[in-house]
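Enquirer: Structure in structure tokens, see below.
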Amino acid sequence: MPETPESTRERSGRGPVARGPFQVVEVTGPSMVPTLHHGDWLLVQYGARVRPGDVVILRHPFQQDLLVVKRAAERRRGGWWVLADNSFAGGDSTDYGAVPEELVLATARLRYRPPAKGQRSLRSVVSWAVSALRPVSAARSVSRRLRAR
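Each residue of the sequence shown is one higher than the one before, counting from 24 in our numbering.
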């Protein structure tokens, strides 16, 4: 999903923009839709305390060179149970079980959504400007609540 970290079965290309406790990464792939979209940028904090509901960057348990973005659902005996916001994308703890604590690397703090190609009308530019930068909330998305009925 992010560009430095990548989502399940999704590739990254660019390297980190910053070093230290904070880093900027680009999202690739659909696993976190509707919260995050392909092309979004995240400001992530390494070493931050993880709480249930946080969007986290982690090493894939079976493919350690692959970094993924998922939502930390709950802490279990073997580590964190992580889920994709898009249940149709898969590639989360339902496939590989709880993720050991040491594989969870960072939490997402802010999301920046770049303007879409061809976004030229005043209305679309204003709409983009209002929603381009948002904190990444630990609250579950509305769509997840609707699917839980």
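All C-beta atoms, glycine included, are put in the ideal place defined by N, C-alpha and C. No experiment lies behind these values; they were computed from the predicted model shown.
What does the alpha-carbon distance come out to for the pair residue 80 and residue 99?
Expert: Locating residue 80 in the sequence shown gives position 57, counting from the first residue. Locating residue 99 in the sequence shown gives position 76, counting from the first residue. If I take the Cα positions, the gap works out to 18 Å.
Enquirer: Determine the direct distance from the alpha carbon of residue 109 to that of residue 53, and round the result to whole angstroms.
Expert: As a first step, residue 53 must be located in the sequence shown, where it is residue number 30. As a first step, residue 109 must be located in the sequence shown, where it is residue number 86. Going by the C-alpha atoms only, they are around 7 Å apart.
Enquirer: Mapping the DSSP letters down to three states, classify residue 58 as helix, strand or coil.
Expert: As a working mapping, residue 58 is identified with position 35 in the sequence shown. Looking at residue 58 - three-state DSSP - the assignment turns out to be coil, as it is neither helix nor strand.
Enquirer: Please go through the same chain and pick out, in chain order, the residues whose beta-carbon is closer than 7 Å to the beta-carbon of residue 151, but skip the five residues on each side of it.
Expert: By 1-based counting over the sequence shown, the position of residue 151 is 128. Closer than 7 Å at the Cβ level, and outside the excluded window around residue 151, lie 138 and 142.
Enquirer: For residue 89, does the three-state DSSP call read helix, strand or coil?
Expert: For this step, residue 89 is matched to residue 66 along the sequence shown. Secondary structure of residue 89 (DSSP, three-state): coil.
Enquirer: Out of 76, 61, 51 and 111, which one is the CA nearest neighbour of residue 160?
Expert: In the sequence shown, the residue the question calls residue 160 occupies position 137. It is 76.
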